[in-house]
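**Q** Please read through the structure below; I'll follow up with questions.
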Amino acid sequence: MNTQKMIRQASIAACKKLNPLYLMKNPVMFVVAIGFILVVVLTMFPTMFGESSRLFNASVASILFITIWFSNFAESIAEGRGRAQVQTLKQTKTTTKATRILADGTEQMVQAEQLQKGDLVIVRAGETIPNDGEVVEGIATVDESAITGESAPVVKERSGDFSSVTGGTVVTSDWLKIEITSMPGDSFLDKMIRLIEGASRQKTPNEIALNTLLVSLTIIFLLVVVTLLPMANYLNISLSVATLIALTVCLIPTTIGGLLSAIGIAGMDRVTKFNVIAMSGKAVEASGDVDTLILDKTGTITYGNRMATAFLPVQGVTAQELMEMAWLSSLADETPEGKSIITLAEQQGVDQINKHHILQTATVIPFTAQTRMSGVDLAEGLQVRKGSYDAMIKMATHVPNDLEEVVKQVSSVGGTPLVVMRGRQLLGVIYLKDIVKEGLKERFAQLRAMGIKTIMCTGDNPLTAAAIAQEAGVDGFIAESRPEDKIAVIKAEQALGKVVAMTGDGTNDAPALAQANVGLAMNSGTNAAKEAANMVDLDSDPTKIIEVVEIGKQLLMTRGALTTFSIANDVAKYFAIIPAMLMVAIPQMKTLNIMHLHSPTSAIISALLFNALIIPLLIPIAMKGVRYQPMNANHLLNRNLLIYGLGGMVIPFIGIKIIDLVITPLIS
Amino acid sequence: MLQITLILLVYLPVVLITGRYLYAVAMQEKMVMDKVYQPIEHRIYRLANISQEAMTGKQYIIALLITNACMIAIGYFTLRIQQWLFLNPNQINNMEATLSFNTIISFMTNTNLQHYSGESGLTYLSQMLVIIFMMFTSAATGYAVCMAFCKRLIAKTDTIGNFYVDFVRVIIRVLLPLAFLVGLLLVWQGTPQTVQQNVTLTTIEGTSQDIALGPVASLESIKHLGTNGGGFFGANSSTPFENPTVISNMIEMLAMMLLPGACVVVFGLLVAKRFQHQRAWLGKQGTTIFAAMSVLFLAGLLIVYFAEQQGNPMIDELGIAQQGSMEGKETRFGIEQSALFTTVTTAFTTGTVNNMHDSLTPVGGLVPLFNMMLNVVFGGIGVGLMNMMMYVLLAIFIACLMIGRTPQFLGKKIEQKEMKFMALSILIHPVLILGFSAFAVMTSAGIAGVTNPGAHGLSQILYEYASSAANNGSGFEGLADNSTFWNVTTGLVMFFGRYLTMILQLAIASLLANKAINAESVGTLQTDTPTFTIFLVAIVVLIGALTFLPALALGPITEQLLMFG
C-alpha cells in the first residue's frame, strides 16, 4: 500500500474516531474533547461567562479539535500498517472448502468454517488446507508462503516434527489425510488476523500502569486549573474560560496521551514485520525484561550442518592419500557434511578425472543408524568407508596407535571426527567442524552489555560443548542435555528472580517453552510447541529471539521517552501561559515572559498550537520507536534523559517562540 | 554563612551515628543498654497485654489507627474539662469544642498547628498530659509506620514487625533519652522548667506584667526532636523562654533535623545490609535519597538567605538603612540563624518558628511554603521519607520505561496497583491544599480570617493549608484562625493529610512485600547513582512546581513582582 493511500485512509479513520464513546477510552483526550465542546459553546455565546472574544474562542476551539484529530490520526496510521497483511490472510480464509471423510469412509464437501475439532479431511494437490491439524496419513509438499512468505515448499508427513499443518497453506503435490486440531474461528490464521487487526489487543500491564500515571497527572492539572479560578477571582483578576481550558490542555499530558495507543500498536507491528507472531503484547513487553536466553546449539548458534575443515592422517599415511579416499567415500553422499568433504577435497586439488566413471560403476553403501558409516564399493573391488570412530575400529584389522589421540584432539576443539578406512586399513580423520554463525559472538557480547546472559543447550559431550561455547562466546552451556534439563535450567534461573526466554521447535520443547517467561516457537515445529510458546517465528530462525528482545525494550523505551518529553514540555508552556493570563491584571508579570511573546493572546495560541503540532511531529518516533543501541542501563538512562528530558524542556521554548513569530502578523 | 556551614557540618556525623543507633533499635539488635530498657519494655508489654507477634501491613495500620484514635479521644476530653482538673495554677478555662477538635487533631497528627496561645489556653496539666504526651506518641507513630514501610520494601513477606513494639521501643530507647538530654541543655541555656504559677511583676513604668512560666524545657526538647513544633507560648521559639540564646537556637535546629535524617539513614542501612555491606554508614541507596533531599534543602536555604539579606526595597525608598529584612526577626538570631531556622522548620516539617514567616520577603516566604507543598525535603519523622519514596517510585517508573525494562525497585515490580496508590498518595496533598484554599476564598467565613489585602492574603491562606496538609504546623501568623471555619477545615486537612497518605503508603509497601524479587544486572535500572539523584530532584521539583506554580504565581510571586517592580 502506498504512503499517500495510507495517509488518506488514516485521515478518514481519524474522523470516525471522533465519536465521544470512542474517545472516552482515552481519558486524556476525553478531557480535551470536553474542553473543545465548552469552547465551541463559548464561541457561539461569547458572553456566557463574562466578556470574551469570539475570535479567540474560535481559534482555541479549532486547535483543540486538531489536537484530538492528530491523536486519532496517529492511532489510525499505526493500525493501517497491518491492514494490508490482514486483507491477504482473510482472502485465504474465505475461499476455503474442504473434503471431510465421514465415519463410513465416504467423502463430503463442506465449508472450512463447518469443520470441528477431531474431523478428518483429505487435501489433495492444489487444494488449501482448511484448518490447523496433524497429518495422520500420506506425505506431501506444502506451500506455506501465505503465512511465512517463504516460497519453497515444505515436506509434511505423519509423526515426527513435520506432522503439523497450518490452515490456509496449500498442498502442492500428493495428498494428506489430516485430523483437525482447532475449533472453527480459533485457528492459527484466525489468531494472526485478530492480532494484526488489533481486535484482541489488550492493554499490557505496563501500559495500564502508565495510563494510571497519565490519568493522575490529568486530575492534578484539572485541579490546578479549577482551583485557580476562585483564587484569581479573590484577587479580582478575571480569567476567561477559554484561557483556562487552553491552560488545562497544555498541562495535561496530551502528547503521550495522544500517542500511547499508537506506540503499542506500532510495537506489535514491528514484531509482525519481523515475521514473528506474538500471542499478546504482554509477551513482547516481557521479552524486553529478559535476563537469560536459553539457546539450542544446532541451528541457533551454529549452522545446522557441520563442515569438513581438515584431513588429519595417522602416522604412515600421507595427507594426499587420506584426502583422496575421503573424497571417494563421499562422492555419492548427498548430506551437507558429505558435500562439504567433496568441496574441501576439490579445493585442496584432488584428482577428479574418473569422477563420472566411478559414480556410474560403484556400489553405494548408504548411512544407516545401525552401521553408523557410509561409503562406496568400487567396481575394481576397492572398498572405502567413513564413519564414527566406534563403528570403524570394530571393522579394522589394526588400529593405529595415534588414531585415538587425533580423534580426541578433534573432539576437544568442538569438532566431530569422521574416521576414513580403505579396505580394512584406517587412514585418518576428517575434521568436521560446527560453524558458529557469523556475527553471533558480537551479538552475545552486546547482550552481555545489556545484562542478558546466554546459555547454550547441546547434546554434545562436555568437551565439545565447552569448545563451541567458548567460540560463540556464550556465558554458559549444558552439555548432553535432555529436554528435562532445559526445564531444570529455566526453573533454576527463575528461582534467582530472572526472566528467561528460550526458543524451541519439537514436541519435547513444549514444557520448557511453557515454563519460560518468553517462549519463541519455530513455525516449522510441532503444534504442541507452537501452542506452548507465546511467540511463533514464521521464518523458523531461532536467532530472532534477540531482535524480539530489542523490540520489547524499544516499546517500553518509546513510552518512557515520550512521557518524559511530555511532562518536560510543561515548563515552557507555563512560562508562556501564566504571564499571559495575569499580565492584564498585573503588568509586572511581563518579567516572567522570558520568551518575549508578542501578546497574551498570541502566547496562549502559540503554546496551544505547539501542543497540538508536536503530536504529528512525533508520530515517526512513535511508529519506529526510539533509537535503541545495546548498552548498559546507566548509559541508556543518561542518553535518553538528555534527549527527551532536557530536550523536552528546551524544544518547546524554541517552538513556541517560532509559532509566536509566525502568527503575530496574522492575528494583529 | 559561617554559622550555617558550622551547623550543617556538625549535623552530618551526628545524623549518621543516630541513624545507626535507630537502625539497631528498629532491627532489635543487641545493645549494651538492653539491661536498663528491656525490663521497662517488658513491663509495658505485660501491662498492656501486647503479644509482640509479627503483623501484616493491614494489622499494623489498624493497630496504629486504633491507638491514635484512643489518644485523640482521651486528649479531647482532657482539653474540654481542663479547668476542673489539677495543675491549673493560672485558672485557665475549658477549651471550646472546635478549637479542641483542631488542637487534638493537630497534635496527634504531628502537625502542631496552634489556633490557641499556650499561656492563656492550656493548663499545665494539659500542656503535659495532652501536648507533651502527644509530641512523643505522634513522633513515635510516624517512626513506626516508616519502619514498617521500609522493612517491607526489603522483606520477602508482609508479616513483619509489631506496631506496639516499634512504638514502645522508640519512645523508651530514642525519644525519652534524647528529650531528656536536649531538655537539660535547654535548661542550661535558661529555659524554665517548673509547675509554679506565672510571676507577676511591676515594671519600671509602674504597670504590672505577667511573666508566663511552666514546664517549658521538657516541651521544647520533644517539640523539636519529634518534629512537632507547637510552642509552649504563642510566639513559639522566638520568645526568650523557649529559645533563649544562639546556642539554644542551634540545639533546637539540630534536634529537629536529627530524626527525619536518621530515618533516611536507617533505610539506607536496610538496603545496604541486604547486600551484606555490613560496614556501610549510609549505603549507596541511602546516599542517593539523602543527597536529593539535601540538594532541595540547600537550594531553599540559599534563596531564603539571599532574599532576606537583600531586605525590603520599600524600606530603602523611605530612606531607612536596613541590614537585611529584620521585620519579624529576633536581633539575637539575625538573618543567618533566622533563614536557616525557617528552612529547617519547613523542610523537616516541624513548624516551630524563631521568626515570623508572615514578615519574610515574598520570595523568602515562598520557600517555606514550597517546602511544605513538596513535603519531601526530609519531612517529619518517618513520614517525610515515605513521601519521598513515593517520588522515588515514580522516578523509577519513568526511568525504567526509558531504559526499556518493566519498572522495579529493589527487584520488586511496580505495577498498576502500586501505581494507583502512589498516584493517589501524591494527589492527596495538592487536593487538600488547593481544594481547601479555593474553598476558603469562596466563603465569607474563610475570607473573614484574612488580615492582609491582595496577594499576601492569598499567601496566608495557602500557607495555612499547606502547613496543615504537610503536618508542619507553622503559620503565617497574620491569619485570624481561631474560628469555627478555620478550626474545622484545617483539622480535616491535617487529619486526611496524615492518615490517608499513611494508609496508602503502607498499602504500597505491603503489595511490594508480597512480590517475588527479580534479579538485578547491568540491564536493570541502578537507583543509587548520581544520575538518579538528579532525575529524582527534577521529578520532585517538576511535579511540585507544575502543581503549585499557578497558585504561587498569584500569591508570593505577584507580591515579589509588585514589590520589586
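Chains as they are written, first to last, in full-length UniProt numbering: chain A, 1 to 668; chain B, 1 to 565. Built from N, CA and C at the ideal position, the CB exists for glycine as well.
(1) According to DSSP, is W175(A) helix, strand or coil?
(2) Could you pull the start and end residues of the beta strand (DSSP E) that M421(A) belongs to?
(3) One question on the structure: do S359(B) and G324(B) come within less than 8 Å of each other, judged by their Cβ atoms?
(4) So does the stretch 249-268 of chain A actually touch the stretch 621-640 of chain A, counting three or more Cβ pairs closer than 8 Å?
(5) Can you tell me which of the three DSSP states S182(A) falls into?
(6) Run through chain A and tell me which residues come within less than 7 Å of A438(B), C-beta to C-beta.
(7) Within 8 Å of any Cβ in chain B, is that where the Cβ of V224(A) sits?
(8) Nearest by alpha-carbon distance to I546(A): which of G428(A), R8(A) and I294(A) is it?
(9) Any C-beta of chain B sitting closer than 8 Å to the C-beta of G133(A)?
(10) Residues of chain A with a CB under 8 Å from the CB of Q526(B): which are they?
(11) Going by DSSP, what residue range makes up the alpha helix (DSSP H) through K417(B)?
(12) Would you mind telling me which residues of chain B sit closer than 7 Å to P205(A), beta carbon to beta carbon, in chain order?
(13) Taking 8 Å as the cut-off, does the stretch 345-357 of chain B touch the stretch 236-249 of chain B (at least 3 CB pairs, one atom from each stretch)?
(14) At 4 residues or longer, what runs of the alpha helix (DSSP H) sit wholly inside the stretch 295-362 of chain B?
(15) May I have the straight-line CA-CA distance separating A74(A) from F496(B), to the nearest angstrom?
(16) Alpha carbon to alpha carbon, what distance is there between M192(A) and S200(A)?
(17) Just how far apart, CA to CA, sit M1(A) and I414(B)?
(18) In chain order, what residues of the stretch 521-555 of chain A put their CB closer than 9 Å to some CB of chain B?
(19) Can you list, in chain order, the residues of its chain with a C-beta nearer than 6 Å to that of I377(A)? Leave out the 5 residues immediately preceding and following it.
(20) So, helix, strand or coil for M583(A), using DSSP?
(21) Under DSSP, the beta strand (DSSP E) around I365(A) begins and ends at which residues?
(22) I'd like to know whether the C-beta of G411(B) is nearer than 8 Å to at least one C-beta of chain A.
(23) Chain B partners of N638(A), CB-CB under 8 Å?
(24) Distance cutoff 8 Å, beta carbons only. Does A199(A) sit that close to anything in chain B?
(25) Would you say the stretch 465-478 of chain A touches the stretch 437-447 of chain A, given that touching needs at least three Cβ pairs under 8 Å?
(26) Using the C-alpha atoms, what's the distance from I122(A) back to T106(A)?
(27) Output yes or no for whether 8 Å exceeds the beta carbon distance between L79(B) and S126(B).
(28) Specify, as a first and last residue, the run of the alpha helix (DSSP H) that residue 669(A) falls within.
(29) Would you mind telling me which residues of chain A sit closer than 9 Å to N312(B), beta carbon to beta carbon, in chain order?
(30) Please list, in chain order, the chain B residues whose beta carbon lies closer than 9 Å to that of L641(A).
(31) At the level of alpha carbons, what is the spacing between L562(A) and G281(A)?
(32) Of all the residues that make up the stretch 359-371 of chain B, which are near chain A by a beta-carbon distance shorter than 8 Å?
(33) Do you know offhand how far I615(A)'s Cα is from N72(A)'s?
(34) To the nearest angstrom, how far is the alpha carbon of T533(B) from that of L410(B)?
(35) In this structure, does DSSP put F653(A) in helix, strand or coil?
(36) Using a C-beta to C-beta distance shorter than 9 Å, which residues of chain A count as neighbours of M442(B)?
**A** Looking at the atomic coordinates:
(1) Of the three classes helix, strand and coil, the one that applies to W175(A) here is strand, per DSSP.
(2) Under the DSSP assignment, M421(A) falls in the beta strand (DSSP E) whose first and last residues are G415 to R422.
(3) Not closer than 8 Å, so no.
(4) In short, these stretches touch, since the Cβ pair count reaches three.
(5) The three-state secondary structure of S182(A), taken from DSSP, is coil.
(6) Correct list: T227, P230 and M231.
(7) Yes, its Cβ sits closer than 8 Å to a Cβ of chain B.
(8) Considering only alpha carbons, the answer is I294(A).
(9) Under the Cβ distance rule, G133(A) does not count among the residues neighbouring chain B, no pair being separated by less than 8 Å.
(10) Within chain A, the C-beta atoms nearer than 8 Å to that of Q526(B) come from A633 and N634, in chain order.
(11) Per DSSP, the continuous alpha helix (DSSP H) segment holding K417(B) begins and ends at Q416 to P430.
(12) What P205(A) touches in chain B: E415 and Q416.
(13) The stretch 345-357 of chain B and the stretch 236-249 of chain B touch, with three or more beta-carbon pairs separated by less than 8 Å.
(14) Uninterrupted alpha helix (DSSP H) stretches at least 4 residues long and entirely within the stretch 295-362 of chain B occur at 313-317 and 334-347, given in chain order.
(15) Distance between the alpha carbons of A74(A) and F496(B): 42 Å.
(16) Confidence is the limiting factor: at S200(A) the pLDDT is only 48, short of 50, which leaves the residue's position unreliable and the question unanswerable from this model.
(17) The predicted position of M1(A) is uncertain, since its pLDDT is 47 and thus under 50; no value can be drawn from it.
(18) Per Cβ criterion, the list reads E550, G552, K553, Q554 and L555.
(19) A quick correction: the sequence has Asp, not Ile, at residue 377(A). Within the same chain, D377(A) has close Cβ partners T363 and Q383.
(20) The DSSP-derived three-state label of M583(A) is coil.
(21) Unbroken beta strand (DSSP E) run through I365(A): T363 to I365.
(22) Yes, its Cβ sits closer than 8 Å to a Cβ of chain A.
(23) Within 8 Å Cβ-Cβ: T531.
(24) Low local confidence applies: a pLDDT of 45 at A199(A) is under 50, so the model's placement there is unreliable, and no value is given.
(25) Yes, the stretch 465-478 of chain A is in contact with the stretch 437-447 of chain A.
(26) Computed Cα separation, rounded: 11 Å.
(27) Yes, these two residues count as a Cβ contact at 8 Å.
(28) This structure leaves residue 669(A) out entirely; chain A is present only between 1 and 668.
(29) Within 9 Å Cβ-Cβ: nothing; N312(B) doesn't reach chain A, min ~16 Å.
(30) Neighbours of L641(A) on chain B, chain order: A399, M402, T531, I534, F535 and A538.
(31) For L562(A) and G281(A), the distance between alpha carbons rounds to 19 Å.
(32) From the stretch 359-371 of chain B, no residue has a Cβ closer than 8 Å to chain A.
(33) One Cα belongs to I615(A), the other to N72(A), and the distance between them is close to 10 Å.
(34) Near 16 Å, if we compare the C-alpha coordinates of L410(B) and T533(B).
(35) Of the three classes helix, strand and coil, the one that applies to F653(A) here is helix, per DSSP.
(36) Under the 9 Å cutoff, chain A gives P230, N233 and Y234.
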